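Quick notes on the structure that follows.
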Amino acid sequence: MPGLKELAGVLLLASTGKCRRKGFLATLSAFASLHLPWSLFISKIPKHGIMFCASQSRGMIIGGYPCLPHSQNWQAFLRGTFICGGVLIAPSWVVTAAHCFGGNILVHLGKHNLNTRGKGQQIRRVAQYFCHPQYDRSTFNNDIMLLKLRRPVSISPTVAPLGLPSACSAPGTTCIVSGWGTSAGLFFTVTYPDVLQCGNVRIISQEQCTASYPQYITGNMVCAGVPEGGVDTCQGDSGGPLVCNQQLEGIVSWGLEKCAQRNRPGVYTRVCNYVTWIREVMQWNRP
């Protein structure tokens with residue numbers, strides 16, 4: 001497999017993939033030497049190849065820039081068993097990736113600099129978790145989860161919901177990805193920027209997306225990036241937003257090989273396919 005790096009003494013924890021309120025069930029495997037893709041902690045282990053879970057690291061907007069403070073005021077920072085991104089879609093609801101489930105997640109909203117506690121920051125615990133009932137951890141299909149907050153947030157200039165899509169965005173649409181991510185390093189020797197990073201990408205056609213990742217892409221996934229490479233989410237940032245025309249087009253899900261490479265776009269959960277499910281869950285679980 002191209003782009004693999006060799007690591008020694010690697011320890012793998014493979015989750016059962018079940019959405020449980022507490023605890024972590026795992027199968028433990030140890031290898032004296034293991035060949036892993038550069039995308040360790042980017043995705044999971046599908047049927048046809050080696051990829052690894054994004055949820056353990058905060059991610060990296062390669063080729064990005066510091067976001068204007070609170071311009072992405074729907075951005076959530078999730079801290080639990082894993083570290084992930086998320087998106088506020090209503091005062092009591094955050095959407096993220098299903099593979100980010102684990103532990104007692106603490107939801108931070110209104111953050112720009114991770115190292116400072118701004119006046120506009122709000123922190124909430126999660127009351128209920130709703131993984132999509134057809135989520136498949138082996139293929140990443142239906143990689144979406146809703147979090148119901150214990151208390152609704154107060155809408156303010158630093159915290160506000162992002163609208164759900166009215167339709168799927170067309171190929172070529174310019175979009176923004178955002179997250180706090182690695183700025184340098186290999187796997188366990190990474191560093192992180194203090195402030196939220198943004199990057200400009202474009203929606204890739206489904207045909208190009210499938211050609212980039214044969215056998216992996218389903219109709220519930222959408223690719224976004226820059227065809228020539230250079231801009232991408234990387235090493236995590238799972239659950240964070242892909243925003244097109246001020247609507248939530250995608251949720252960071254997975255990627256393969258070294259990030260920001262030519263014809264290797266990021267893969268996102270296609271949110272337009274889940275609007276009915278999202279609204280039904282919110283309707284059935286009102287306070």
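Going left to right, the sequence shown walks through residues 1 to 287 as UniProt numbering numbers them. We treat Cβ as the ideally placed atom computed from N, Cα and C, and that holds for glycine. Note that the structure is a prediction, hence the values are computed from the model and not measured.
If you measure between the beta carbons of Q72 and S169, is that distance less than 9 Å?
Here residue 72 corresponds to residue number 72 of the sequence shown, with the count starting at 1. Here residue 169 corresponds to residue number 169 of the sequence shown, with the count starting at 1. No, the pair does not count as a contact, with Cβ atoms beyond the cut-off.
If you pair each beta-carbon of the region 111 to 121 with each one of the region 143 to 151, do three or more pairs fall below 8 Å?
At 8 Å Cβ cutoff, the stretches do not touch.
inquiry  = Looking at the secondary structure, which residues open and close the beta strand (DSSP E) in which residue 288 lies?
reply    = Nothing about residue 288 can be read from this structure; the chain reaches only from 1 to 287.
Return the residue from the list I123, A127, V177 and P165 that minimises the CA-CA distance to I155.
In the sequence shown, residue 155 corresponds to position 155, counting from 1. Measuring from the Cα of I155, the nearest candidate turns out to be I123.
- Query: Does the Cβ of W284 have 16 or more other Cβ atoms within 10 Å, making it buried, or fewer, making it exposed?
  - Reply: Your numbering for residue 284 matches position 284 in the sequence shown. Here W284 is exposed: its Cβ has fewer than 16 other Cβ atoms, across all protein chains shown, within 10 Å.
* A184 - DSSP class collapsed to helix/strand/coil -> If you number the sequence shown from 1, residue 184 lands on position 184. With a pLDDT of only 43 at A184, under the threshold of 50, the placement of this residue in the model should not be trusted, and no figure is reported.
query = In the structure shown, what three-state DSSP assignment does V226 receive?
reply = One-based indexing of the sequence shown puts residue 226 at position 226. Correct three-state label for V226: coil.
* Entirely enclosed beta strand (DSSP E) segments - the region 101 to 168, minimum 3 residues -> Scanning the region 101 to 168 for uninterrupted beta strand (DSSP E) segments of 3 residues or longer gives 106 to 109, 122 to 131 and 145 to 149, listed from N- to C-terminal end.
- For the candidate residues P66, P152, M282 and V222, whose alpha-carbon lies nearest to that of H108? For the purposes of this step, residue 108 is taken as the residue at position 108 of the sequence shown. Of the candidates P66, P152, M282 and V222, the one whose C-alpha sits nearest the C-alpha of H108 is P152.
Q: Indicate whether G179 and L196 have their beta-carbon atoms separated by less than 9 Å.
A: By 1-based counting over the sequence shown, the position of residue 179 is 179. By 1-based counting over the sequence shown, the position of residue 196 is 196. Closer than 9 Å, so yes.
Rounded to the nearest angstrom, what separates F77 and V222 at their Cα positions?
Start at 1 with the first residue of the sequence shown, and residue 77 comes out as number 77. Start at 1 with the first residue of the sequence shown, and residue 222 comes out as number 222. Here the alpha carbons of V222 and F77 stand approximately 23 Å from one another.
How many angstroms separate the CA atom of V95 from the CA atom of P133? Position 95 of the sequence shown, counted from the first residue, corresponds to residue 95. Position 133 of the sequence shown, counted from the first residue, corresponds to residue 133. About 15 Å.
_Between Y65, D237 and L162, which has its C-alpha nearest S253's C-alpha?_
Numbered from its first residue, the sequence shown carries residue 253 at position 253. Out of Y65, D237 and L162, D237 has the C-alpha closest to the C-alpha of S253.
- [ ] For residue 297, name the three-state secondary structure that DSSP assigns.
- [x] This structure gives no information on residue 297, because the portion of the chain shown stretches from 1 to 287.
(message) Tell me which residues share the same chain as A90 and place their Cβ nearer than 7 Å to its Cβ, disregarding the 5 neighbours each side in the sequence.
(response) Here the question's residue 90 lines up with position 90 in the sequence shown. Result list for A90: P161 and M282, in chain order.
query = Alpha carbon to alpha carbon, what distance is there between V159 and V87?
reply = On the sequence shown, position 87 is the one that residue 87 refers to. On the sequence shown, position 159 is the one that residue 159 refers to. C-alpha separation (whole angstroms): 11 Å.
Give a yes or no on whether the C-beta atoms belonging to I144 and A211 are separated by under 9 Å.
To locate residue 144, count along the sequence shown from 1; it is residue 144. To locate residue 211, count along the sequence shown from 1; it is residue 211. No, these two residues do not count as a Cβ contact at 9 Å.
Check your understanding: What is the rounded straight-line gap between the Cα of G64 and the Cα of Y129?
Key -> Within the sequence shown, the letter at position 64 stands for residue 64. Within the sequence shown, the letter at position 129 stands for residue 129. Those two C-alpha atoms are separated by around 31 Å.
Practice item. Return the first residue and the last residue of the beta strand (DSSP E) that V89 is part of. Key: Locating residue 89 in the sequence shown gives position 89, where the first residue counts as 1. Reading off the sequence shown, one finds Ile at residue 89, where the question assumed Val. I89: member of the beta strand (DSSP E) spanning I83 to A90, first to last residue.
Can you tell me whether DSSP reads A98 as helix, strand or coil?
-> For the purposes of this step, residue 98 is taken as residue 98 along the sequence shown, with counting starting at 1. Reduced to three states, the DSSP call for A98 is helix.
*Quick one: Cα of A224 to Cα of N142, how far?*
To locate residue 224, count along the sequence shown from 1; it is residue 224. To locate residue 142, count along the sequence shown from 1; it is residue 142. C-alpha separation (whole angstroms): 17 Å.
Quiz item: Distance, Cα to Cα, T269 vs G255?
Solution: Residue 269 sits at position 269 when you count from the first residue of the sequence shown. Residue 255 sits at position 255 when you count from the first residue of the sequence shown. C-alpha separation (whole angstroms): 12 Å.
Quick one: residues in its chain with C-beta nearer than 6 Å to the C-beta of I105, no 5 flanking neighbours on either side, listed in chain order? Here residue 105 refers to the residue found at position 105 when the sequence shown is read from its first residue. Closer than 6 Å at the Cβ level, and outside the excluded window around I105, lie L78, G80 and V126.
Requested in this report: Have a look at the DSSP bridge pairing and note the partners of R79.
Outcome: Locating residue 79 in the sequence shown gives position 79, where the first residue counts as 1. The partner list for R79 (beta bridge, DSSP) reads I83 and L106.
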